[in-house]
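S.K.:
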Amino acid sequence: MADEVILLDLWSSMFGMRVRVALAEKGIEYEYKEQDLRNKSPLLLEMNPIHKKIPVLIHNGKPICESLIIVQYIDEVWHHKAPLLPSDPYQRAQARFWADYVDKKVYAPGRKIWATKGDEQEEAKKEFIEILKVLEGELGEKPYFGGESFGFVDISFVTFSCWFHVYETFGNFSIEKECPKLMAWVKRCQERESVFKSLPDEKKVLEFVYFLKKIFGIE
Amino acid sequence: MAESDVKLIGAWPSPFVLRARIALNIKHVDYEFVEEKFGSKSELLLKSNPVHKKIPVLLHAGKPICESLIIVEYVDETWTSGSSILPSDPYDRAIARFWAAYVDEKFFPSMKGIAAAPNEEAKKAALEQVESGLAFLEEAFGKISKGKPFFGGEQIGHIDIAFGSLLAWLRVTEKTTGLKLLDQAKTTPQLAKWAETFCQHPAVSGVMPETEKLAEFAKLLFAKMKGINPQ
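Which chain is which? The protein sequence lines are A and B, in order.
Numbering-wise, the first sequence is residues 1 to 219 according to my numbering.
Numbering-wise, the second sequence is residues 1001 to 1231 according to my numbering.
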């Protein structure tokens, strides 16, 4: 019996993109179902009753929630191809640590850069740049966070790259200037089919943010 | 005597440190417990966890592993003695990780919200959040344990550790609010029973803080927090 794989997602979500990249890395066919978060579908509410959020992966009818948990699930089920996590337990712990760091730290200040003004925005920008510098430090001279191969930490962070244009535009700064090595890593990742096919155009994301600011009445 | 191969940097009141200790106990790992002094951070801690500067930190042959749930998974993968902490089936593993993350991201903050509540109204709202969280966990327990004593089945598993580590603080919260949150008779009969079983487990009983002692510490902690300017 063939696997049935469905992804409940939102095109602009950097969390949903992580799952798209993982599925693409593994060559898994799936049905993409775009969700309207202002009018949540019965399917979404049934599959993620606790958080009511995307992404949700539905594998043969069973839901898996939380993007990094989904990516690990995908890696464990489809383990015969393109391993995303290292095999060594210590390396795995390090990978989980850095993906967790991205999860805890990047989103909130990033959002404040486009959603706030004045001092609050300045603080957020400073914090955001600092966090990127920590990540750049961790990347070091390696081609990917995982070393020679594209993996879990790369997936957890590269999906924010299509939002960089938004942060730069509203924050009035250049990520290339602040973190050149990180941008080199972004370009390297974007050459992978799994990445360039899964991430939306950054101009579309910027347009979307202008739209969001308008409908939420954010100046 | 050779330097201890396994060290855990921590403090007895921390539920996160407790998670690491329970995991190490399940695997029968001998370790040196390096207790941090309340109110200060040791050189070893700052060197071992420069990013977050927090406990627990597991040091295995000098190499640091940080973040309690990551430590638990590392311990499970590294030591094969004792029972497995995470299930072997990928779907069950995803469910275990989901609920452990839920405890960290939703349940624990709602518990802290009760102590941090500036007025009665806020306190009531925080309590309602805790109660609804417990209702979710009660339902999850029913589905996941499948009639066995733990979320992990016959043995303590990942969710048991993630959630069970908070029990002493939950008891302190019950003491200070005068409310029964884990209620045998009414709202959470399965969890009430589970809590008792969990706390009596040999991997837990020696390291779970006593409610009285923790309540005293909580008073000290909140007094200190009120004396410090918010950042």
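For every residue, glycine included, the Cβ atom is placed at its ideal position computed from N, Cα and C.
1. Can you tell me which of P1109/B, K1112/B, I1161/B and K1146/B puts its alpha carbon nearest to the alpha carbon of V1075/B?
2. Touching or not, the region 92-102 of chain A and the region 1073-1087 of chain B, by the rule of three or more beta carbon pairs under 8 angstroms?
3. Taking all protein chains shown into account, do 16 or more other C-beta atoms lie within 10 angstroms of the C-beta of E66/A, making it buried, or fewer, making it exposed?
4. Run through DSSP, which three-state label would L1191/B get?
5. May I ask you to list, following chain order, the residues of the region 1031-1043 of chain B that have a beta carbon less than 7 angstroms from some beta carbon of chain A?
6. Counting pairs of beta carbons, one from the region 71-89 of chain A and one from the region 1105-1114 of chain B, are three or more of them closer than 8 angstroms?
7. In chain A, which residues lie less than 8 angstroms from P1015/B when you measure between Cβ atoms?
8. Scan the region 13-68 of chain A and note each continuous alpha helix (DSSP H) run of 4 residues or more that stays entirely inside, going in chain order.
9. For L1058/B, count the other beta carbons within 10 Å of its own beta carbon; 16 or more makes it buried, fewer makes it exposed. Which is it?
10. With 16 other CB atoms within 10 Å as the buried threshold, where does L37/A fall?
11. Across the region 42-49 of chain A and the region 99-113 of chain A, are there enough close Cβ pairs to call them in contact, namely three or more that are closer than 8 angstroms?
12. Can you tell me which of the three DSSP states P89/A falls into?
13. Does the region 1162-1171 of chain B touch the region 1198-1213 of chain B, meaning 3 or more C-beta pairs lie closer than 8 angstroms?
14. For a test of the three-state rule: what should DSSP assign to I1065/B, helix, strand or coil?
15. Have a look at K197/A, G217/A and E148/A and flag the residue whose alpha-carbon is nearest the alpha-carbon of A115/A.
16. Residues of chain A with a CB under 8 angstroms from the CB of F1136/B: which are they?
17. Exposed or buried, A99/A, counting other C-beta atoms within 10 Å across all chains shown (16 or more means buried)?
18. Below 7 angstroms CB to CB, which residues in the same chain sit around I6/A once its five sequence neighbours on both sides are set aside?
19. Report all residues from its chain with a CB closer than 6 angstroms to the CB of E178/A; omit the five preceding and five following residues, and keep chain order.
20. Mind pulling the beta strand (DSSP E) runs of 3 or more residues that sit fully within the region 1124-1160 of chain B?
21. Contact criterion: CB-CB distance below 8 angstroms. Does V77/A meet it with respect to chain B?
22. Where F157/A and G1178/B are concerned, what is the direct C-alpha to C-alpha distance, given to the nearest angstrom?
23. Note down, in chain order, every chain B residue with its Cβ under 7 angstroms from the Cβ of C65/A.
24. Can you have a look at Y1102/B and say buried or exposed, based on whether 16 or more other CB atoms are within 10 angstroms of its CB?
25. So with CB distances below 8 angstroms, who are the chain B contacts of I220/A?
26. Any chance the CB of R192/A is under 7 angstroms from a heavy atom of the ligand SAM?
27. Leaving out the 5 sequence neighbours to the left and right, which residues in its chain are closer than 8 angstroms to P1230/B when beta-carbon positions are compared?
28. Given 8 angstroms as the limit, is there contact between the region 157-172 of chain A and the region 11-24 of chain A, that is, 3 or more CB pairs closer than that?
29. Does the region 140-158 of chain A come close enough to the region 188-201 of chain A that 3 or more CB-CB pairs lie under 8 angstroms?
30. With I1009/B as the anchor, note down where its beta strand (DSSP E) starts and where it stops.
31. Note down, in chain order, every chain B residue with its Cβ under 9 angstroms from the Cβ of V153/A.
32. Can you name the residues of chain A whose CB is closer than 7 angstroms to the CB of T1078/B?
33. Going by DSSP, what residue range makes up the alpha helix (DSSP H) through V1172/B?
34. Within 10 angstroms of the Cβ of N1049/B, are there 16 or more other Cβ atoms? Answer buried if so, exposed if not.
35. With C-beta atoms as the reference, is G1036/B less than 8 angstroms away from A1020/B?
M.R.: Let me lay it out:
1. I1161/B
2. yes
3. buried
4. helix
5. none
6. no
7. In chain order: nothing, as chain A lies at least about 18 angstroms away.
8. 14-25 and 42-47
9. buried
10. exposed
11. no
12. helix
13. yes
14. strand
15. G217/A
16. I50
17. buried
18. Y30, E31, K33 and I58
19. I129
20. none
21. yes
22. 45 angstroms
23. F1098
24. buried
25. There is simply no residue 220/A to check, as chain A begins at 1 and stops at 219 in what is shown.
26. The model on display carries no ligand, and the ligand SAM is accordingly not part of it.
27. Caution applies to P1230/B, whose pLDDT of 47 falls short of 50 and renders its modelled position unreliable; the value that the coordinates give is listed next. Cβ neighbours of P1230/B beyond the five flanking positions: none.
28. yes
29. yes
30. V1006 to G1010
31. Those within 9 angstroms of V153/A in chain B number zero; the least Cβ separation is about 13 angstroms.
32. P89
33. L1167 to T1177
34. buried
35. Residue identity differs from the one stated: residue 1036/B is Glu in this sequence, not Gly. Against a cut-off of 8 angstroms, the Cβ pair of A1020/B and E1036/B comes out as no contact.
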